[in-house]
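Keeping their order, the protein sequence lines are chains V and E.
Position 2, counted from 1, in the first sequence is what my numbering calls 3; the numbers after and before it change by one each time, with no gaps.
Position 294, counted from 1, in the second sequence is what my numbering calls 638; the numbers after and before it change by one each time, with no gaps.
Built from N, CA and C at the ideal position, the CB exists for glycine as well.
Owing to the predicted nature of the structure, the values given are computational and were not obtained by experimental measurement.
Step one of this worksheet: look at the structure below.
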Amino acid sequence: MPVPIDIAKVARLARLALTPDEMEAYGAQLGAILEHAASLQALDIQGVPPTAHPLPMLNALRPDEVEETLEREEVLAQAPDRDGPYFRVPPFMEDE
Amino acid sequence: MSGDPADLTIAEAAAALRSGALSAADLLAAVRRRAGATEAQLHAYLTLDVEGAERAAEAADAALSRGEDPGPLAGIPLAIKDNMCTRGIETTSGSRLLAGYRPPYDATVVGRLRAAGAVIVGKTNLDEFAMGSSTENSAYGPTRNPWDPDRVPGGSSGGSAAAVAVGSALGALGSDTGGSIRQPAALCGIVGLKPTYGLVSRYGLVAFASSLDQIGPFARTVEDAATLFEAICGHDPSDATSYRGVPPVVRPTLEAGPEGLRVGVIAELAGEGNEPAVLAAFGRTLEALEVAGAEVREVSLPSIPYALDAYYLIAPAECSANLARFDGVRYGRRLPGDTVEQMMAATRRDGFGPEVTRRILLGTYALSAGYYEAFYGRAQQVRTLVIEDFARAYGRVDVLVCPTSPTTAFAIGERTEDPLAMYLADVCTIPSNLVGGPGISLPVGRDGVGLPIGFQVLAPPLGEAVLLRAARAVEVLAGFAARPALATSEAR
Numbered sequence: 002m003p004v005p006i007d008i009a010k011v012a013r014l015a016r017l018a019l020t021p022d023e024m025e026a027y028g029a030q031l032g033a034i035l036e037h038a039a040s041l042q043a044l045d046i047q048g049v050p051p052t053a054h055p056l057p058m059l060n061a062l063r064p065d066e067v068e069e070t071l072e073r074e075e076v077l078a079q080a081p082d083r084d085g086p087y088f089r090v091p092p093f094m095e096d097e
Numbered sequence: 345m346s347g348d349p350a351d352l353t354i355a356e357a358a359a360a361l362r363s364g365a366l367s368a369a370d371l372l373a374a375v376r377r378r379a380g381a382t383e384a385q386l387h388a389y390l391t392l393d394v395e396g397a398e399r400a401a402e403a404a405d406a407a408l409s410r411g412e413d414p415g416p417l418a419g420i421p422l423a424i425k426d427n428m429c430t431r432g433i434e435t436t437s438g439s440r441l442l443a444g445y446r447p448p449y450d451a452t453v454v455g456r457l458r459a460a461g462a463v464i465v466g467k468t469n470l471d472e473f474a475m476g477s478s479t480e481n482s483a484y485g486p487t488r489n490p491w492d493p494d495r496v497p498g499g500s501s502g503g504s505a506a507a508v509a510v511g512s513a514l515g516a517l518g519s520d521t522g523g524s525i526r527q528p529a530a531l532c533g534i535v536g537l538k539p540t541y542g543l544v545s546r547y548g549l550v551a552f553a554s555s556l557d558q559i560g561p562f563a564r565t566v567e568d569a570a571t572l573f574e575a576i577c578g579h580d581p582s583d584a585t586s587y588r589g590v591p592p593v594v595r596p597t598l599e600a601g602p603e604g605l606r607v608g609v610i611a612e613l614a615g616e617g618n619e620p621a622v623l624a625a626f627g628r629t630l631e632a633l634e635v636a637g638a639e640v641r642e643v644s645l646p647s648i649p650y651a652l653d654a655y656y657l658i659a660p661a662e663c664s665a666n667l668a669r670f671d672g673v674r675y676g677r678r679l680p681g682d683t684v685e686q687m688m689a690a691t692r693r694d695g696f697g698p699e700v701t702r703r704i705l706l707g708t709y710a711l712s713a714g715y716y717e718a719f720y721g722r723a724q725q726v727r728t729l730v731i732e733d734f735a736r737a738y739g740r741v742d743v744l745v746c747p748t749s750p751t752t753a754f755a756i757g758e759r760t761e762d763p764l765a766m767y768l769a770d771v772c773t774i775p776s777n778l779v780g781g782p783g784i785s786l787p788v789g790r791d792g793v794g795l796p797i798g799f800q801v802l803a804p805p806l807g808e809a810v811l812l813r814a815a816r817a818v819e820v821l822a823g824f825a826a827r828p829a830l831a832t833s834e835a836r
């Protein structure tokens with residue numbers, strides 16, 4: 002059975018302004034994929050530790066020394082909108 | 345010299361450059377002619393760096409004429425998948441969202457190739473953000489298979505594979521998250537190597553699924569793949585997941601041959617589910633290995649049937665987190681919005697294609713409150729089972745083998761409407777990404793309509809030496825020498 006999904010909520014969390022038609026289509030496709038993935042639910046894996054990373058690694062630290070950084074102008078030149086040395090974005094809240 | 349320089353291997357071209365029989369400028373010109381003759385049909389490249397390539401070729405020629413050794417890849421024309429940053433050169437990752445993006449830095453692998461004297465011809469096409477198995481998900485149109493332009497080259501590194509197969513580059517870099525180097529190598533009849541997780545820096549690679557992504561080379565021979573691997577591997581302080589030890593030394597054992605090699609055939613991936621022609625070529629290769637002195641036995645990895653489902657939860661979950669950075673603020677296209685959230689949601693809806701949108705939604709769902717344990721957490725536990733299965737197998741054999749892809753190249757459009765069918769293309773390649781060990785695909789035959797068939801060798805993490813030794817042995821035994829019609833002068 003396809004898995005029912007609150008696709009509007011998921012789209013909001015993912016910051017994707019989908020149309021109602023798109024939500025319906027993606028919702029159905031995700032349901033089918035998750036139905037396939039239900040095979041995992043049948044496995045007896047109680048007590049098996051999860052793997053987040055394939056190789057055993059600890060935090061990578063380096064000496065806290067000044068290093069070369071990216072050229073600020075070269076970085077800002079890629080911004081869709083800027084104000085001097087800043088990235089510019091629309092307001093964070095409406096009606097202000 | 346006789347023949348077209350675009351058909352040389354990297355080893356042959358390097359020798360010709362050093363003997364003076366060929367200049368880097370002439371080699372670049374030959375590769376460009378090949379691109380000129382094939383790109384209208386193939387669309388392997390998104391961007392050609394004409395000036396940069398010429399400068400690099402001139403520098404290589406100047407150093408060679410002074411009698412210097414300008415590096416193992418001096419003057420060798422290579423292609424780079426367009427999800428690796430190239431300073432000042434457009435890097436789109438196959439996405440509309442990054443149209444026009446010019447990175448302010450080179451990826452570490454690009455810097456290493458440049459330092460080794462390589463000539464970077466251009467940036468190659470891919471499925472958007474490396475999500476796909478056919479290169480049909482590129483926002484800039486599909487790449488086609490050099491053996492049959494009505495078919496896909498595989499993916500997601502389809503542009504790099506097609507370029508090397510046809511001779512519009514002598515080698516290339518791709519990235520492999522679930523098979524995106526090995527599967528297109530198989531479908532295009534060339535060699536594709538996914539190194540051990542962490543051996544090659546990912547600084548400057550546009551991230552897809554960070555616990556799975558690995559950069560690796562495409563080439564026409566195992567030896568050339570080894571040369572490229574040597575040039576790009578090694579610790580990089582800019583990549584926090586970079587392996588800190590000494591990388592495996594592969595060259596001394598490359599020609600050690602198959603004698604005494606313990607080869608395990610993965611029972612779950614080497615039987616039904618593969619096309620008959622794929623199985624036949626695979627079986628012939630096993631017989632040849634056995635005759636040549638390898639010990640071939642069947643090995644069962646019971647968790648394999650669950651690996652695909654685990655992968656298609658883990659990879660989208662990590663993708664949804666990684667692609668959160670594409671928000672229209674610092675780079676790329678932006679659509680207007682009254683608030684920053686509306687701007688971001690409109691920008692992302694417009695910038696991402698359907699497959700990327702699907703995976704972001706799937707991953708966001710799998711990571712959301714109330715579902716995390718049931719989906720992502722469970723997939724991570726299954727990943728542990730897969731790792732344990734492989735570790736047990738490697739206690740008894742040196743390498744594991746199976747077909748690279750259950751089918752040869754499929755038709756353009758055949759699977760685009762069915763995401764699950766497309767995902768099944770990766771069933772043989774995904775397990776080694778979950779495990780982290782290296783894998784390689786090389787051509788061992790062709791099917792009834794002449795399409796190449798790939799043979800996959802897997803080894804435990806850091807097992808590149810035995811992996812490449814086994815692959816070289818298979819290469820010699822299979823004797824695959826065919827080239828796609830598009831690469832031969834008769835066809836042009």
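In the segment 598-640 of chain E, which residue ranges form an unbroken alpha helix (DSSP H) of at least 4 residues, counting only runs that do not cross its ends? 620-635
Considering Cα atoms alone, identify which of E/A825, E/I525 and E/I559 is closest to E/V550. E/I559
E/G560 by DSSP, collapsed to three states: which one? strand
For E/I797 versus E/R526, is the C-beta distance shorter than 9 Å? no
Could you work out which residue in E/F473, E/A822 and E/F719 is closest to V/S40 when comparing CA atoms only? E/F719
Terminal residues of the continuous beta strand (DSSP E) containing E/N465? Correcting the residue identity first, residue 465 of chain E is Val in this sequence and not Asn. Start and end: V463 to T468.
Closest by C-alpha distance to E/G721, when choosing among V/L17, V/G32, V/A9 and V/P50: V/P50
What residues of chain V sit near E/R674, judged by a beta carbon separation below 8 Å? V76, Q79, A80 and F88
Looking at C-beta atoms only, is the number of pairs between the segment 732-752 of chain E and the segment 600-617 of chain E that lie closer than 8 Å three or more? yes
Along chain E, which residues have their Cβ under 8 Å away from the Cβ of V/P21? Near V/P21 there are no residues of chain E at all, since even the closest Cβ is about 13 Å away, more than 8 Å.
Can you list, in chain order, the residues of its chain with a C-beta nearer than 7 Å to that of E/T840? Leave out the 5 residues immediately preceding and following it. Nothing about residue 840 of chain E can be reported from this structure: the residues present for chain E run from 345 to 836 only.
I want to verify the contact list: residues of chain E whose CB lies under 8 Å from the CB of V/P50, in sequence order. Q725 and T728
Would you call E/D580 buried or exposed, if buried means 16 or more other Cβ atoms sit within 10 Å of its Cβ? buried
Proximal chain V residues relative to E/V684, where beta-carbon distance stays under 8 Å: V90, P91, P92 and F93
Contact with chain E by V/V67, beta-carbon distance below 9 Å: no
For the segment 466-477 of chain E against the segment 723-733 of chain E, are there 3 or more C-beta pairs whose distance is under 8 Å? no
Taking the C-alpha atoms as reference points, what is the distance between V/R89 and E/G455? 32 Å
Where does E/E412 sit, in a helix, a strand or coil, going by DSSP? coil
Consider the Cβ of V/E98: report whether some Cβ of chain E lies at a distance smaller than 9 Å. An answer regarding residue 98 of chain V cannot be provided, because it is not within the stretch 2 to 97 covered by chain V.
Say whether chain E places a C-beta atom closer than 9 Å to the C-beta of V/P5. no
In the DSSP assignment, what residue or residues form a beta bridge with V/I88? The identity of residue 88 of chain V in the sequence shown is Phe, whereas the question assumes Ile. For V/F88, which the question treats as bridged, DSSP gives the partners V/R83.
Based on the DSSP secondary-structure assignment, which residues constitute the bridge partners of E/T430? E/I433
To the nearest angstrom, report how far apart E/S437 and E/A636 are at their CA atoms. 43 Å
What's the gap between the Cα of E/Y445 and the Cα of E/T468? 15 Å
Residues near E/D450 by beta carbon distance below 8 Å, same chain, minus five either side: C429, T430, R431, R458 and G548
Could you pull the DSSP bridge partners for E/Y389 from this structure? E/T468
Alpha carbon to alpha carbon, how far is E/R674 from E/E699? 24 Å
Should the segment 361-377 of chain E be called in touch with the segment 397-404 of chain E, which here means at least 3 C-beta pairs below 8 Å? yes
Using 8 Å as the cut-off, can you tell me whether the segment 556-571 of chain E makes contact with the segment 531-544 of chain E, which would need three or more C-beta pairs spanning the two stretches below that distance? yes
Can you tell me which residues form a DSSP beta bridge with E/G798? E/P787
Beta-carbon proximity list for E/L657, same chain, < 7 Å, skipping 5 on both sides: A710, F719, Y720 and A723
I'd like to confirm the pairing. Which residues does DSSP put opposite E/E642 in its beta bridges? E/V609
Hey, E/L386 and E/D426 are a contact pair by Cβ (cut 8 Å); roughly how many whole angstroms apart? In fact, because the Cβ distance is near 15 Å, the residues do not count as touching under 8 Å.
With a threshold of 9 Å between beta-carbons, can E/A835 be considered close to chain V, or not? With a pLDDT of only 45 at E/A835, under the threshold of 50, the placement of this residue in the model should not be trusted; the figure read from the coordinates follows. Taking Cβ atoms only, chain V never reaches closer than 9 Å to E/A835, which makes this a no.
Cut-off 7 Å between Cβ atoms - residues of its own chain near E/D370, not counting five sequence neighbours on either side: P349
Is any beta-carbon of chain V found at less than 9 Å from that of E/F696? yes
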